Amino acid sequence: MKFDDLLFTHLGEFGKYQGIQFVLVCLPTMFTAMHSLSWTFTAPDINHRCRLPSELDNANYFTNNNISKLIPYDDSCDSINDSKNCFYKKCTYNNTLSCPHGYIYYLPNNLYTAINRWDIVCERSIWKATIQSSYYIGQMLGSIIFGILGDQIGRKKVFMIAIVLQIVAGLIMPIAPHWLIYAFLRIITGFAHPGIFVIAVIIGMELVGPSKRKISSVFTGGFFALGQVVLGILAYYLRDYRYLQASIALPTIVFLSYQFLVPESPRWLTSKKRYSEADKILRKAAKVNKSSIPEKWWEEIDLLNGSEEKNNKNLTYSDLFKTPKLRLRSIVAFIIWPVVSMVYYGVSMKPDFLGGDPYIAFIFGGFMELPAMVIVYFIIDTFGRKPLLGGGYLFCALFMIISLFLDDLKLHWIFNLILYSLVKGSITIVYASIYTFTPELFPTVIRNTAMGLCSTFARIGAILSSYVSMWLVTEFGKLYMIIPFSLCAIIAGILVLFFLPETVGEPLIETIEQLENSHDSSRSITEIKRFSEIEELSLNEKK
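By our numbering, the letter at position 540 of the sequence shown is numbered 522, and the numbering carries on one by one without gaps.
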């Protein structure tokens, strides 16, 4: 008997116990979303100009006639309005010096940002992208380390370590005295990200039966989207970045209670032959679900034979490339993951890259992720993983390309807001699908390692997107974001549709040997529907 058979035959594929655990592990992903994208609002684009020698640091951004007469217009003025007021250049003084007296910022509504605190403008403007990319560097490191640790020491331990790191770094961030310290704290919060989000998906996926695995990615993705909506609303009302950061960090202290509320994955414990610990958890689950499991159920589980068990000890990243099927799946996964990360975080970090108010676009984009998740939930088992994943990439590229032809329309910003929402919705469908699809491609013995490496490659895309969306677009325009994002999305969509197998309804593969001996599915949509109907009938018979 496979572990899946034990799980959905005796406990049910998704009972009350699984539902409670899902909500618990998904809640921290809301705050992970807020941390990952908070820099969008703690360091927004703000108007600035050179400070004149005669001005104090708190001088008004808008100059008056008396000040403008102090310096000839043609030396330091960018333009002159009808009232003969001088609009001084943003980054140069007398056409030679780079603002030697500092900067004056336009700060309405008590706005206080990391930009004006540390003068991250002009020749320092690339720091903005660098600080954001530091978060993804941390994510990359976390993916490498937590990916291996999750398979070696357990899902729960990694989850709790990541939560503690996020709490500590998040609480220090509002009082960081220097941008380098702030960037280092961003690295720490980024490092914790995969230990929370990826492990939440895996814990959820390993709790349920095959037909309910989609819930793990949809639930976590839905909470991640809610985190963005909450972040946008908080940022709209809290214009001081220190208060915004504090409002994100303080509530996460409650997650320390998870040491007592969230158990280890019984599937992982079983794979490590820690049957007594797994038995306690499963019996508690059975009690909550009002069901029962057999005595000494582990004796009915198909165990690895001696040679297989030896080969599956201490698996490393190199094992992902040693066998043909696993190698192909790994290569394709390591290409499509950085693309989805680059596009998703790129459009999230620059919500106004197609025009409009950044707060409205960000909140609207976050809300659009929710129906995208619902779409994934209801049709991913009907149409399969591949059509949603590959189609999501292609539609995302199409919507971005269409936006290039709308700039001349009088109400182009309305259409662009709609297109932005469609882009966000499409790439969200990809993200939700890829978190369902990828774990199903890899065997249990190396699944967390593979997911960790996928997340590592994804950070490369996120790092690139930081410089594209927070520097290139600001300096040169949205074309420098749309073209590379669209091309990469098209390539990723083609790879998914032509080089990966369909996994809908298939049991999770336990070992590398099982994978290599399996027959990759290339079933049609009709066959997938037929399989789902047969599976549902068989489950009803078992009940």
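All C-beta atoms in this analysis are idealised placements derived from N, C-alpha and C, irrespective of residue type, glycine included. The model shown is predicted, which means the values in this text are computed figures rather than measured ones.
The DSSP-derived three-state label of Asp222 is strand. Fewer than three pairs of CB atoms, one per stretch, sit closer than 8 Å, so the segment 151 to 167 makes no contact with the segment 181 to 195. Checking the DSSP bridge columns, you'll see His30 partnered with Tyr87. By the Cβ-count criterion, Thr298 is exposed, with fewer than 16 other Cβ atoms from all chains shown falling within 10 Å of its own Cβ.
Excluding residues up to 5 positions away in sequence, Ala379 lie with their Cβ nearer than 8 Å to the Cβ of Leu469 in the same chain.
A distance below 7 Å between beta-carbons, with the five flanking residues on each side excluded, links Val140 to the following residues of its chain, in chain order: Phe128, Leu131, Gly132, Gly177, Ile181.
In this structure, Gly214 lies near Phe344, with their beta-carbon atoms less than 9 Å apart. In this structure, the straight-line span from the alpha carbon of Gly348 to that of Lys255 is close to 42 Å. By the Cβ-count criterion, Pro159 is exposed, with fewer than 16 other Cβ atoms from all chains shown falling within 10 Å of its own Cβ. Annotation for Val322: Tyr375, Ile409, Val412, Tyr413, Ile416, Ala440, Gly443, Ala474 place their beta carbon closer than 8 Å to its own, counting only its chain and skipping 5 residues before and after.
C-alpha of Val146 to C-alpha of Leu238: approximately 7 Å in a straight line.
For Pro353, the closest alpha carbon among the candidates Arg106, Val200, Ala144, Ser20 is that of Val200. The beta carbons of Leu310 and Phe424 sit no closer together than 9 Å. A straight-line Cα-Cα distance of about 8 Å links Val455 and Phe335.
Among the bridge pairs identified by DSSP, Tyr94 is matched with Asp222. Under the three-state reduction of DSSP output, Asn398 falls in the helix class. In the three-state reduction of the DSSP assignment, Pro425 falls in the coil class.
In terms of Cβ geometry, Thr22 and Pro233 do not form a close pair [threshold 9 Å]. In this structure, Gln227 keeps its C-beta atom at 9 Å or more from the C-beta atom of Gly124. Inter-segment contact for the segment -9 to 9 and the segment 184 to 191 is present: three or more beta-carbon pairs are separated by less than 8 Å. Considering only His17, Leu243, Glu37, the residue with the shortest C-alpha distance to Arg168 is His17.
By the Cβ neighbour-count rule, Phe387 is exposed, with fewer than 16 other Cβ atoms within 10 Å of its own. Distance from the CA atom of Ile476 to the CA atom of Glu488, rounded to whole angstroms, is 23 Å. Taking the C-beta atoms as reference points, Met331 is found nearer than 9 Å to Met452. Scanning Gln210, Glu246, Cys81 for the CA closest to the CA of Pro333 turns up Gln210. Counting every other CB atom within 10 Å of its CB across the protein chains shown gives Pro35 a total below 16, marking it as exposed. Separation of Lys368 and Ile143 (C-alpha to C-alpha, rounded to the nearest whole angstrom) is 34 Å.
Just measuring C-alpha positions, the residue of Leu497, Tyr118, Val7 sitting nearest Thr202 is Val7.
Inclusion of Gly366 and Val486 in the CB contact set at 9 Å is warranted, their separation being smaller than that value. Residue state for Lys460 is assigned as coil, using DSSP reduced to three classes. Taking every protein chain shown into account, the CB of Val405 has 16 or more other CB atoms within 10 angstroms, so this residue is buried. Nearest Cα to Val150 within the set Gln134, Ile135, Thr171, Arg137: Thr171. Nearest neighbour of Ser385 by Cα position, chosen from Leu399, Gly372, Thr14, turns out to be Leu399. With a cutoff of 9 Å on beta-carbon distance, Glu259 and Glu246 are scored as near each other. The alpha-carbon of Arg137 is positioned some 12 Å away from that of Met187. Rounded to the nearest whole angstrom, the C-alpha separation of Pro248 and Ser20 is 35 Å.
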